[in-house]
Amino acid sequence: MKYLSEFRDGALAKKVADAIHAESKTPLRIMEFCGGHTITLVKYGIPQMLPDRIEMISGPGCPVCVTTKKEIDAAIEIARRPDAILASFGDMIRVPGTHESLLQAKSKGANVVVVYSPDDAVKLALEQPAKKVVFFAVGFETTAPVTAAAIMYARTAKAKNFFIYSAHKTTPAILAALLDGEVRLDAFVCPGHVTTITGADIYKPLTDAGKPCVVSGFEPVDILRSVLMIVRQVNRGAAETEIEYSRVATWAGNARAQKLLKEVFEPCDAVWRGIGPVPMSGFTCKGIYARHNAANEFNVDFGGDEKETPGCICGLILRGMKKPADCKLFRKACNPENPIGACMVSDEGTCSVYFRFGGSHVEAVHA
Ligand code: SF4
Numbered sequence: 003m004k005y006l007s008e009f010r011d012g013a014l015a016k017k018v019a020d021a022i023h024a025e026s027k028t029p030l031r032i033m034e035f036c037g038g039h040t041i042t043l044v045k046y047g048i049p050q051m052l053p054d055r056i057e058m059i060s061g062p063g064c065p066v067c068v069t070t071k072k073e074i075d076a077a078i079e080i081a082r083r084p085d086a087i088l089a090s091f092g093d094m095i096r097v098p099g100t101h102e103s104l105l106q107a108k109s110k111g112a113n114v115v116v117v118y119s120p121d122d123a124v125k126l127a128l129e130q131p132a133k134k135v136v137f138f139a140v141g142f143e144t145t146a147p148v149t150a151a152a153i154m155y156a157r158t159a160k161a162k163n164f165f166i167y168s169a170h171k172t173t174p175a176i177l178a179a180l181l182d183g184e185v186r187l188d189a190f191v192c193p194g195h196v197t198t199i200t201g202a203d204i205y206k207p208l209t210d211a212g213k214p215c216v217v218s219g220f221e222p223v224d225i226l227r228s229v230l231m232i233v234r235q236v237n238r239g240a241a242e243t244e245i246e247y248s249r250v251a252t253w254a255g256n257a258r259a260q261k262l263l264k265e266v267f268e269p270c271d272a273v274w275r276g277i278g279p280v281p282m283s284g285f286t287c288k289g290i291y292a293r294h295n296a297a298n299e300f301n302v303d304f305g306g307d308e309k310e311t312p313g314c315i316c317g318l319i320l321r322g323m324k325k326p327a328d329c330k331l332f333r334k335a336c337n338p339e340n341p342i343g344a345c346m347v348s349d350e351g352t353c354s355v356y357f358r359f360g361g362s363h364v365e366a367v368h369a
């Protein structure tokens with residue numbers, strides 16, 4: 003298969019890994035921001051193919067994992083209103099809030115409907131004009147344009163009863179915040195899908211701070227090539243953005259999607275689960291689109307600090323300070339059937355990835 007099988011070629015992967023072993027000279031802590039990258043890394047045993055001096059650290063690039071308990075509590079509160087329907091993607095409804103998940107609330111009568119796209123929620127609003135339909139919008143720059151397009155669709159279709167509850171998050175602000183964190187990060191494997199929308203300029207604050215950045219695809223050879231590109235940058239004393247995922251990502255990004263984002267949203271402060279408040283790291287509706295903002299329609303508490311479930315170290319994992327095996331609940335009380343923290347829910351959550359693919363390679367951080 004073109005663009006896929008060649009990036010899963012074992013012989014090529016070994017050749018790139020050999021080059022990394024031959025050329026890497028200094029210890030490196032490289033963060034892979036995106037949960038999709040974490041899956042590939044763990045599934046294909048890439049950390050075991052790298053020299054010991056290169057450590058891969060998972061980042062907070064799983065949208066489900068960084069949605070706060072309070073955001074979930076607010077969504078549940080909306081779903082309990084007799085005049086409202088809360089429409090959500092399927093993986094979101096299993097994430098624990100402070101007391102329960104949307105799925106548990108649904109089992110007790112809350113009006114929660116699973117949709118496959120924001121457009122489905124607009125259609126639901128058109129079918130049920132007596133109800134206020136609220137789409138629980140999560141995700142990064144990759145999914146936010148689809149939410150923006152749904153809001154424009156709702157306006158065109160005169161679905162005045164369509165709202166979004168935006169838990170969208172943005173990538174550049176959190177990456178900059180991670181630089182100020184307690185963990186030493188030397189370089190970044192940057193998210194290919196986000197870059198496809200935004201373009202590659204968004205990583206300039208990282209390269210300005212001396213951190214090499216490589217936008218990577220999602221196959222094993224992609225990730226190994228990205229690590230090799232980082233090693234070569236470090237060896238020549240560079241800190242640049244490079245695009246390994248050149249079959250999809252570009253420097254300019256997707257102009258149409260960017261225009262949609264600019265038209266409908268503006269940046270706002272956002273709280274990240276396990277990380278806390280990050281200035282200007284969210285999206286909220288602006289101008290004429292603000293009337294579709296559920297925060298303006300429903301009087302529920304949409305923000306604020308929160309405490310993680312006792313024993314759960316999701317916050318430390320999302321900040322790159324710990325790994326799933328450091329958690330005493332991992333594989334015991336917490337598993338995909340019974341997720342205690344958000345990182346065990348989504349397919350891209352670090353704990354879920356290590357549970358499904360980690361095998362004997364699961365290692366704790368011994369700081
Ligand atoms: S294993 Fe479960 S409880 Fe532990 S950090 Fe991960 S999600 Fe939280």
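Here the sequence shown stands for residues 3 to 369, numbered as in our numbering. Ideal Cβ positions, reconstructed from N, Cα and C, are used throughout, including at glycine.
Task: Same chain, Cβ closer than 8 Å to residue 32, neighbours up to 5 away in sequence not counted - done: Position 30 of the sequence shown, counted from the first residue, corresponds to residue 32. Excluding residues within five positions, the ones whose Cβ falls inside 8 Å are 56, 57, 58, 59, 187, 188, 189, 190, 191, 229 and 232.
Task: Simplified DSSP assignment, three categories, for residue 270 - done: Counted from its first residue, the sequence shown places residue 270 at position 268. Three-state result, residue 270: strand.
Task: The beta strand (DSSP E) enclosing residue 167, as first and last residue numbers - done: As a position in the sequence shown, residue 167 is number 165, starting the count at 1. Segment 164 to 170, the beta strand (DSSP E) holding residue 167.
Task: Shell residues, 5 Å Cβ cut-off relative to heavy atoms of the ligand SF4 - done: 314, 315, 316, 329, 331, 332, 336, 342, 343, 345, 346 and 353
- [ ] Could you tell me which residues DSSP puts in a beta bridge with residue 346?
- [x] One-based indexing of the sequence shown puts residue 346 at position 344. Its beta-bridge partners do not exist; DSSP assigns none.
Open item on the list: I'd like to check one pair, residue 181 with residue 202: are the Cβ atoms closer than 7 Å?
Closed with: Taking the first residue of the sequence shown as position 1, residue 202 is located at position 200. Taking the first residue of the sequence shown as position 1, residue 181 is located at position 179. Not closer than 7 Å, so no.
TODO: Classify residue 173 as buried or exposed, calling it buried when 16 or more other Cβ atoms lie within 10 Å of its own Cβ.
DONE: Taking the sequence shown and counting its residues from 1, the one referred to as residue 173 is at position 171. Per the 10 Å Cβ criterion, buried.
- [ ] Grab the span of the alpha helix (DSSP H) containing residue 79 for me, first residue to last.
- [x] Stepping through the sequence shown from its first residue, residue 79 is reached at position 77. Here the alpha helix (DSSP H) through residue 79 covers 71 to 82.
Open item on the list: Between which residues of its own chain and residue 196 is the CB-CB distance below 6 Å, once the five residues before and five after are set aside?
Closed with: Against the sequence shown, residue 196 aligns to sequence position 194. Counting only Cβ-Cβ distances below 6 Å, and skipping sequence neighbours, we find 142, 143, 144 and 173.
Open item on the list: On a Cα-Cα basis, can you pick out the residue from 39, 6 and 72 that is closest to residue 275?
Closed with: One-based indexing of the sequence shown puts residue 275 at position 273. Out of 39, 6 and 72, 72 has the C-alpha closest to the C-alpha of residue 275.
- [ ] Assign residue 368 to one of three DSSP states: helix, strand, or coil.
- [x] Within the sequence shown, the letter at position 366 stands for residue 368. Low per-residue confidence applies at residue 368: pLDDT is 38, beneath 50, and the placement is therefore not dependable, though the value from the model is reported in the following sentence. It is coil, neither helix nor strand.
Task: the stretch 287 to 301 touching the stretch 313 to 327, judged by at least three CB pairs closer than 8 Å - done: no
TODO: Output the distance between the C-alpha atoms of residue 237 and residue 246, rounded to the nearest integer angstrom.
DONE: In the sequence shown, residue 237 corresponds to position 235, counting from 1. In the sequence shown, residue 246 corresponds to position 244, counting from 1. For residue 237 and residue 246, the distance between alpha carbons rounds to 18 Å.
Task: With 16 other Cβ atoms within 10 Å as the buried cut-off, status of residue 88 - done: The residue you call residue 88 lines up with position 86 of the sequence shown. It is buried - the Cβ of residue 88 has at least 16 other Cβ atoms within 10 Å.
TODO: Taking only the alpha-carbon atoms, compute the straight-line gap between residue 114 and residue 336 and give it to the nearest angstrom.
DONE: Mapped onto the sequence shown, residue 114 falls at position 112. Mapped onto the sequence shown, residue 336 falls at position 334. Cα to Cα, residue 114 sits roughly 25 Å from residue 336.
- [ ] Quick one: give me the first and last residue of the alpha helix (DSSP H) that residue 357 is part of.
- [x] The residue you call residue 357 lines up with position 355 of the sequence shown. First-last of the alpha helix (DSSP H) with residue 357: 352 to 359.
TODO: Counting only the same chain and skipping the five closest in sequence on each side, list residues whose C-beta sits under 6 Å from that of residue 139.
DONE: Taking the sequence shown and counting its residues from 1, the one referred to as residue 139 is at position 137. These residues qualify, in order along the chain: 149, 166, 168 and 170.
Task: Classification of residue 370 by the beta-carbon crowding that lies within 10 angstroms, buried from 16 upward - done: The structure shown has nothing for residue 370, since the chain only spans 3 to 369.
TODO: List the endpoints of the continuous beta strand (DSSP E) containing residue 330.
DONE: Along the sequence shown, one-based indexing puts residue 330 at 328. Counting along the chain, residue 330 falls outside any beta strand (DSSP E), and DSSP gives it neither H nor E.
Task: C-beta contact flag for residue 48 and residue 225 at 7 Å - done: Here residue 48 is taken as the residue at index 46 of the sequence shown, counted from 1. Here residue 225 is taken as the residue at index 223 of the sequence shown, counted from 1. For residue 48 and residue 225, yes; Cβs fall inside 7 Å.
TODO: Could you check what DSSP says for residue 110 in three-state terms: helix, strand or coil?
DONE: Here residue 110 refers to the residue found at position 108 of the sequence shown. If DSSP states are grouped into helix, strand and coil, residue 110 belongs with coil.
Open item on the list: Just to confirm my understanding: we take residue 259, look at its own chain, exclude 5 residues before and 5 after, and list those with CB closer than 7 Å. What are they?
Closed with: Against the sequence shown, residue 259 aligns to sequence position 257. 147 and 199, listed in sequence order.
Task: Beta bridge counterpart(s) of residue 185 as assigned by DSSP - done: On the sequence shown, residue 185 is found 183 positions in, with the first residue counted as 1. Per DSSP, none; premise fails for residue 185.
Open item on the list: Quick check: what's the CA-CA separation for residue 5 versus residue 221?
Closed with: Sequence index remark: in the sequence shown, residue 5 carries index 3 (1-based). Sequence index remark: in the sequence shown, residue 221 carries index 219 (1-based). Their backbone Cα atoms lie some 10 Å apart in a straight line.
TODO: Whole angstroms is fine: what's the gap from residue 279's alpha carbon to residue 70's?
DONE: Position 277 of the sequence shown, counted from the first residue, corresponds to residue 279. Position 68 of the sequence shown, counted from the first residue, corresponds to residue 70. Approximately 10 Å between the Cα atoms of the pair.
Open item on the list: Can you give me the C-alpha to C-alpha distance between residue 270 and residue 218, rounded to a whole angstrom?
Closed with: Taking the sequence shown and counting its residues from 1, the one referred to as residue 270 is at position 268. Taking the sequence shown and counting its residues from 1, the one referred to as residue 218 is at position 216. Residue 270 and residue 218: Cα-Cα distance of roughly 28 Å.
- [ ] Have a look at residue 364 and residue 240 and give me their C-alpha separation to the nearest angstrom.
- [x] What you label residue 364 is simply residue 362 of the sequence shown in a count that begins at 1. What you label residue 240 is simply residue 238 of the sequence shown in a count that begins at 1. The predicted model places residue 364 with a pLDDT of 47, which falls under 50 and marks its position as unreliable; any figure quoted below should be read in that light. Rounded to the nearest angstrom, the two C-alpha atoms are 32 Å apart.
TODO: On a CA-only basis, which of 227, 64, 290 and 8 is nearest residue 20? Give me that one, please.
DONE: As a first step, residue 20 is located in the sequence shown; it is residue number 18 there, counting from the start. The residue with the shortest Cα to Cα distance from residue 20 is 227.
- [ ] Figure out for me which residue from 155, 309, 97 and 331 has the closest Cα to the Cα of residue 125.
- [x] For the purposes of this step, residue 125 is taken as the residue at position 123 of the sequence shown. Closest option to residue 125, Cα to Cα, is 155.
Open item on the list: Using DSSP's beta-bridge definition, name the partner residues of residue 97.
Closed with: If you number the sequence shown from 1, residue 97 lands on position 95. Residue 97 pairs with nothing; no bridge assigned.
Open item on the list: Quick check: residue 44 and residue 322, are their CB atoms within less than 7 Å of each other?
Closed with: Residue mapping note: residue 44 aligns to position 42 of the sequence shown, counting from 1. Residue mapping note: residue 322 aligns to position 320 of the sequence shown, counting from 1. No, the Cβ-Cβ distance between residue 44 and residue 322 is not below 7 Å.
TODO: Could you check the C-alpha separation between residue 34 and residue 291 for me, to the nearest Å?
DONE: Locating residue 34 in the sequence shown gives position 32, counting from the first residue. Locating residue 291 in the sequence shown gives position 289, counting from the first residue. Near 34 Å, if we compare the C-alpha coordinates of residue 291 and residue 34.
- [ ] Would you kindly work out how many angstroms separate the C-alpha atoms of residue 105 and residue 66, rounded to a whole number?
- [x] On the sequence shown, position 103 is the one that residue 105 refers to. On the sequence shown, position 64 is the one that residue 66 refers to. If I take the Cα positions, the gap works out to 14 Å.
Open item on the list: Taking the beta strand (DSSP E) that residue 244 belongs to, which residues open and close that run?
Closed with: Residue 244 sits at position 242 when you count from the first residue of the sequence shown. Start and end: 243 to 245.
Task: Limits of the alpha helix (DSSP H) - the one that residue 198 falls within - done: On the sequence shown, residue 198 is found 196 positions in, with the first residue counted as 1. Note, residue 198: alpha helix (DSSP H), 194 to 200.
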